[in-house]
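Enquirer: Residue numbers (my numbering): 1176 to 1700.
(1) With residue 1201 and residue 1218 assumed to form a contact (beta carbons below 8 Å), what rounded beta-carbon distance in angstroms separates them?
(2) If you draw a straight line from the C-alpha of residue 1413 to the C-alpha of residue 1198, how long is it?
(3) Which class does residue 1493 belong to by DSSP, given the choice of helix, strand or coil?
(4) The beta strand (DSSP E) spanning residue 1620 covers which residue range?
(5) Hey, how far is the Cα of residue 1528 from the Cα of residue 1576?
(6) Assuming residue 1709 contacts residue 1676 (C-beta within less than 8 Å), just tell me the rounded distance between them.
(7) Enumerate in chain order the residues of its own chain whose CB-to-CB distance from residue 1568 is below 7 Å, with the five nearest sequence positions on each side excluded.
(8) Between the Cα of residue 1596 and those of 1614, 1506, 1604, spot the shortest distance and give me the residue it belongs to.
(9) Relative to the C-alpha of residue 1421, which candidate in 1315, 1351, 1446 has its C-alpha closest?
(10) Measure the C-alpha to C-alpha separation of residue 1209 and residue 1437 and round it to an integer number of angstroms.
(11) Just confirm the distance between the C-beta atoms of residue 1687 and residue 1514, as a whole number of angstroms; I'd bet it's less than 8 Å.
(12) Report yes or no: do three or more beta-carbon pairs, one from the stretch 1627-1643 and one from the stretch 1504-1513, lie closer than 8 Å?
(13) Any chance the stretch 1401-1415 sits against the stretch 1425-1437, with 3 or more Cβ pairs inside 8 Å?
(14) My guess is that residue 1305 and residue 1388 are in contact by the Cβ rule of under 8 Å, so how many angstroms apart are they, rounded?
(15) Looking at the unbroken alpha helix (DSSP H) that takes in residue 1686, where does it start and where does it end?
(16) Using C-beta distances below 6 Å, list every residue in its chain close to residue 1373, excluding the 5 sequence neighbours before and after it, in chain order.
(17) I think residue 1354 touches residue 1394, with their Cβ atoms under 8 Å apart; what is that distance to the nearest whole Å?
(18) Helix, strand or coil: which one does DSSP assign to residue 1416?
(19) For the alpha helix (DSSP H) that residue 1692 lies in, which residues bound it at each end?
(20) Please confirm whether residue 1590 and residue 1520 have their CB atoms less than 7 Å apart.
(21) Quick one: residues in its chain with C-beta nearer than 8 Å to the C-beta of residue 1479, no 5 flanking neighbours on either side, listed in chain order?
(22) For the beta strand (DSSP E) holding residue 1203, just list the boundary residues, first then last.
(23) Entirely within the stretch 1612-1682 and at least 4 residues each: give me those alpha helix (DSSP H) ranges in chain order.
(24) Going by CA-CA distance only, name the one from 1204, 1276, 1261 that's closest to residue 1244.
(25) So, residue 1364 versus residue 1385, is the Cβ gap smaller than 7 Å?
(26) Throw me the rounded Cβ distance for the residue 1585 and residue 1564 pair, which I believe falls under 8 Å.
(27) If residue 1625 sits next to residue 1663, beta carbons under 8 Å apart, how far is it from one beta carbon to the other, in whole angstroms?
(28) Please name the residue, chosen from 1546, 1508, 1376, 1671, that lies closest to residue 1524 on a Cα-to-Cα basis.
(29) When DSSP labels each residue in this structure, what does residue 1547 get in the three-state scheme?
(30) Tell me the start and end of each unbroken beta strand (DSSP E) in the stretch 1389-1455 that is at least 3 residues and wholly inside, in chain order.
(31) Which residues does DSSP pair with residue 1474 in a beta bridge?
(32) Just to check my reading of the structure: residue 1619 and residue 1581 have Cβ atoms closer than 8 Å, yes? What is that Cβ distance to the nearest angstrom?
(33) Looking only at DSSP bridge pairs, what is residue 1373 linked to?
(34) Sort 1517, 1554, 1503 by Cα distance to residue 1526 and report the nearest one.
(35) Tell me which same chain residues have a C-beta within less than 7 Å of the C-beta of residue 1289, skipping the five on either side of it?
(36) Can you tell me which residues form a DSSP beta bridge with residue 1504?
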């Protein structure tokens, strides 16, 4: 028999009396409800003791239902309704208004474009708060953001080498007038490290996820309180508040790192375009996105190709040129480093029966692959392993590889090109820089993991497969890979590049003509 617990009397708690502000006692709060179909903004009463700090853009805590959630202040005013029915702001999170009027408007426009709630964007736009970092800015008044004078210019510059970016940055910094700022957005931290190796006119304030949590928040506050002239950041920095008529510069807007990983997957280019009414935009890259090419054709963006008097065109080879990539590797290693870039990762990604040629499948239907040289055959779905191969169709015992990964290709190339060190750079083990090496090396890298350095020969594989993917942007992605990696070549006689494409391919023809703009127009025709 269950034990009967003794009865307890419920104590009725009397709500604590809170003095309400006399002037504009009602604040419109954008509440983080977490529920998509509910409205965003609700009215709350402002306590008298924190009334002076409750201004648009500050973060507060408010009661919502049976819980306490975060919100930010949109505005304050008198209320025509009975204020007795309104709840009271519970807590002031920070006295600093982290959201400006312009930023609140951009967040709302981003929500309209991507069908999301404001707090889905705010989590990316504002760095995580660290209370200790705010102590250094207590008592300092935030400078007022000046109004736009209308002198805006939107541009696109097509670069030919990695050295073009610092040159363009310094030119822009020299042209800035008093109070104007330059915000540079790059795909990842590696691009920042490379840029910082060059001389820059101004020391930048960094806003990247690579920084410690407190350092990033402190740097964000510096951009608000100190009006930093030069700011460099990754994806989320595109929301950084700026003075009017400042410049937002974006490197490689079509890079996949420019898309937010979390919902709503906003894009840096789109957010920057939403801010184009207040700031000048400057898109830089070896291959601009189709959206930028279209805006250029409409005359909204001025485009130009960066010119180089000393630029030497490399020797170009294709899949049907009659020379193998191995021969180019051997010749290139005598002059310098060689870069081989491919899409496939892993060791042997798919196997088949040598007898009947059917692809090997597990009992669950998953494909069988070999993770590494010493591993067992593994199912890609259920991860079941087996020591010996046995074909389910003809009982054959001999297997053949039909899809090799970069690790397997590295083994084969190392045997074909003996006497040189082979480095493997991929997502899980990326090599960022090889400029300090004194020997000539052969670098095998996945696309997006190419180490910083200068190469006598660049070999691009898997281009045919990548361009034939069932994806809307497949050609745009491959075009960017080709022209970006061209910029890694040494600017000297004898430099060579190999494209795993037929010479009559439209991308190959665009590369021969050295005209990425016209090649992009073919997709817009």
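Quick reminder that beta carbons are idealized off the backbone N, C-alpha and C, glycines included. Predicted model, so just to flag it, every value in this text is computed and none were measured.
Expert: So, to answer that:
(1) 5 Å
(2) 36 Å
(3) strand
(4) Per DSSP, residue 1620 belongs to the beta strand (DSSP E) from 1616-1621.
(5) 9 Å
(6) This structure leaves residue 1709 out entirely; the chain is present only between 1176 and 1700.
(7) 1528, 1531, 1533
(8) 1614
(9) 1351
(10) 15 Å
(11) Not really, about 20 Å apart at Cβ, beyond 8 Å.
(12) yes
(13) At 8 Å Cβ cutoff, the stretches touch.
(14) About 6 Å separates the two Cβ atoms, so the contact holds.
(15) 1681-1688
(16) 1341
(17) With 8 Å as the limit, residue 1354 and residue 1394 do not qualify as a contact, their Cβ atoms being about 20 Å apart.
(18) Looking at residue 1416 - three-state DSSP - the assignment turns out to be coil, as it is neither helix nor strand.
(19) 1691-1699 is the extent of the alpha helix (DSSP H) around residue 1692.
(20) Residue 1590 places its beta carbon 7 Å or farther from that of residue 1520.
(21) So the list reads 1330, 1331, 1332, 1333, once near-sequence residues are dropped.
(22) Segment 1201-1206, the beta strand (DSSP E) holding residue 1203.
(23) Within the stretch 1612-1682, the alpha helix (DSSP H) runs of at least 4 residues that lie entirely inside it are, in chain order, 1638-1642, 1649-1661.
(24) 1204
(25) yes
(26) That belief does not hold up - the Cβ atoms of residue 1585 and residue 1564 are roughly 23 Å apart, past 8 Å.
(27) 7 Å
(28) 1546
(29) coil
(30) 1405-1408, 1422-1426
(31) Residue 1474 pairs with nothing; no bridge assigned.
(32) 6 Å
(33) Residue 1373 is not bridged to any residue.
(34) 1554
(35) 1439, 1441
(36) Note: residue 1504 sits in no beta bridge, so no partner.
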